[in-house]
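Let me begin by presenting the structure, written as structure tokens, before commenting on it.
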Amino acid sequence: MLLAIEASHAVKTPRTGVEEACWQMIKNLSDLGGPASGGKSTLPADTRVILYSHKMPDDKSMSVHVYGHKFNELPTNWEWKILNWPVKKLWSQFRLSYELFKNPPDVFFAVGQLLPFFLPKKIKVITFVHDSAFEAEPNAYSLLGKIYLKLMNRRIVARSDKIITSTEFNKKELLKYYQVASEKVVVVPLAYDANVFCMDLSSREARRRSNLSFDQQRDCCTSLAMINKPYFIYLGRLEEKKNTALLVRAFDQTRASGVDCQLVLVGKFGKLSADVRTALVDSPYKKDIIVPGYVKSEDLPGLMCGALALVFPSRYEGFGMPILESMACGTPVIVSDIPALREVGGSAITYICPKIADLALAMAQAAKDPVWRENHRLAGLERVKSYSWTKTAEILGREIAKTRLF
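Using our numbering, you'd call the opening residue of the sequence shown number 5 and step up by one each time.
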């Protein structure tokens with residue numbers, strides 16, 4: 005079997021949620037095919053894999069596999085194929101599409117929720133759908149963006165032989181918006197990188213920093229040097245859909261109740277961020293709100309481990325990898341009570357109605373109650389044991405093998 009995988013999302017840097025999920029799915033499928041895995045691959049034995057992208061991965065900090073080999077040192081039956089394209093847009097629709105007509109595989113796996121509009125009919129197609137946020141939160145997207153995404157999802161439903169998604173909630177959304185046959189959609193949970201997000205950070209962090217120059221070490225810490233009190237952490241885009249402004253106002257109320265703490269907002273401003281900026285400017289505690297922007301993945305675990313709690317009051321999520329990453333670091337989690345996050349967090353985290361008063365009350369309890377924090381720490385560490393990228397890759401391999409037989 006010849007399996008082609010679209011890897012352009014996986015090689016983008018810096019990687020946020022979707023790109024990180026794409027990277028991990030491909031990386032761990034590759035790991036299972038490597039000699040150090042002990043033959044754990046669930047792909048058919050005769051499978052040859054081609055990764056198609058517009059460039060090679062260049063993020064050296066994440067280039068090492070779980071089993072020790074580099075991501076561009078693939079198993080013997082895997083290869084990269086770089087498809088050069090002169091512009092930033094439409095690589096998938098033109099260059100990748102042309103390649104798939106020229107050299108058609110047996111199965112094409114689109115991990116980034118993006119299909120070429122033109123594909124050979126004989127190719128079996130598997131597409132990973134990460135969410136349908138643009139349907140539920142249309143105001144968070146531009147008009148052209150909504151039109152394109154709607155057309156893309158319709159194309160995915162019409163052309164895919166199998167759709168894979170990460171939660172039952174995502175599956176129900178697809179059935180609601182596109183009337184896709186239920187048996188066509190398979191739920192395969194995502195996971196977290198246990199080699200990065202864990203409580204045993206000290207020795208690994210010391211080794212990493214010993215390899216950095218003085219200037220590099222200083223740059224790692226400069227934007228976070230203002231942390232000098234117990235703090236809450238948020239991870240994601242700073243925008244309306246993520247309820248970031250509500251979080252800032254809940255923090256203000258928490259501080260006003262007598263809790264002396266800080267808030268660290270990790271992420272870049274999104275397109276609809278005017279209300280967030282207003283909340284930041286208007287906050288009477290703005291000096292204790294730290295906005296470092298993007299933080300490298302290798303610096304996140306230490307930041308998470310030190311937090312009172314991760315606060316994630318998003319209005320809509322398809323999965324929520326920051327929840328797993330935080331729990332793996334032994335950090336309590338407070339989130340909006342929405343279906344996808346309940347699937348991921350189970351009974352190990354605190355759910356709130358996304359209102360200022362409710363969130364402020366939960367934050368105050370997290371800051372004041374060490375028993376609450378310890379109970380959530382232990383529950384979270386137990387919960388994440390059921391998630392791993394190896395398990396995700398094993399299921400993906402089996403689903404790809406099944407698709408070949410249709």
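Backbone N, C-alpha and C define an ideal beta-carbon position, used for all residues, glycine too.
This one's a predicted model, so the numbers in the text were calculated from it and none came from an experiment.
A distance below 6 Å between beta-carbons, with the five flanking residues on each side excluded, links valine 184 to the following residues of its chain, in chain order: Val161, Leu178. Nearest C-alpha to leucine 7 among Tyr56, Thr20, Ala25: Tyr56. Within 10 angstroms of the beta-carbon of threonine 17 lie fewer than 16 other beta-carbons, which makes it exposed.
Taking C-beta atoms as the reference points, alanine 311 and threonine 335 count as a pair closer than 8 Å. A residue is called buried once 16 or more other Cβ atoms fall within 10 Å of its Cβ, and alanine 229, having fewer, is exposed. Judged by their CB atoms, alanine 137 and glycine 322 are nearer to each other than the 8 Å cut-off. The residue among Arg241, Arg408, Ala260, Val263 with its C-alpha nearest the C-alpha of leucine 269 is Arg241. Remark: C-beta atoms of glutamate 403 and valine 190 approach each other more closely than 8 Å. For lysine 166, the enclosing beta strand (DSSP E) begins and ends at 166-169. Nearest C-alpha to lysine 166 among Pro142, Glu139, Ala114: Ala114.
One alpha carbon belongs to tryptophan 27, the other to valine 348, and they sit about 20 Å apart.
Between leucine 307 and valine 315 the beta-carbon gap is near 14 Å, outside 8 Å, which marks them as no contact. With 16 or more other Cβ atoms from the protein chains shown falling within 10 Å of its own Cβ, valine 388 counts as buried. Minimum Cα-Cα distance from leucine 194 among the listed residues Ala144, Val22, Asn88, Val280 corresponds to Val22. Rounded to whole angstroms, the separation of the alpha carbons of valine 53 and proline 79 is 9 Å.
Within its own chain, the residues whose Cβ lies closer than 6 Å to the Cβ of phenylalanine 122, once the five positions on either side in sequence are excluded, are Ser101, listed in chain order.
Using a Cβ distance threshold of 8 Å, leucine 118 and methionine 60 do not count as a contacting pair. Shown here, tryptophan 89 sits in coil according to DSSP, grouped into three states, outside any helix or strand. Distance from the CA atom of proline 234 to the CA atom of proline 296, rounded to whole angstroms, is 17 Å. Look at glutamate 187 here: in three-state DSSP terms it is helix.
For aspartate 35, the closest alpha carbon among the candidates Val192, Lys272, Glu398, Ala405 is that of Glu398. Leaving aside the five residues that flank glutamate 10 on each side, the residues in its chain whose CB is nearer than 8 Å to its CB run, in chain order, Tyr56, Ser57, Ser96, Leu100, Phe112, Phe113, Ala114, Val115, Gly116, Leu118. In the displayed model, lysine 128 falls within a strand according to three-state DSSP.
In terms of Cβ geometry, asparagine 32 and threonine 51 do not form a close pair [threshold 8 Å].
Residue environment: isoleucine 151 is assigned as exposed (fewer than 16 neighbouring CB atoms within 10 Å of its CB, all protein chains considered). Uninterrupted alpha helix (DSSP H) stretches at least 4 residues long and entirely within the stretch 287-337 occur at 304-309, 325-332, given in chain order. With a cutoff of 8 Å on beta-carbon distance, threonine 407 and histidine 380 are scored as not near each other. The bridge partners DSSP lists for phenylalanine 138 come to none. Rounded to the nearest whole angstrom, the C-alpha separation of lysine 245 and alanine 49 is 44 Å. Beta bridge pairing from DSSP links leucine 55 with Ile9, Trp84.
For threonine 258, the three-state secondary structure derived from DSSP is helix.
Assignment of isoleucine 356 by DSSP, reduced to helix, strand and coil, places it in the strand class. In the DSSP assignment, serine 340 is bridged to Ile356.
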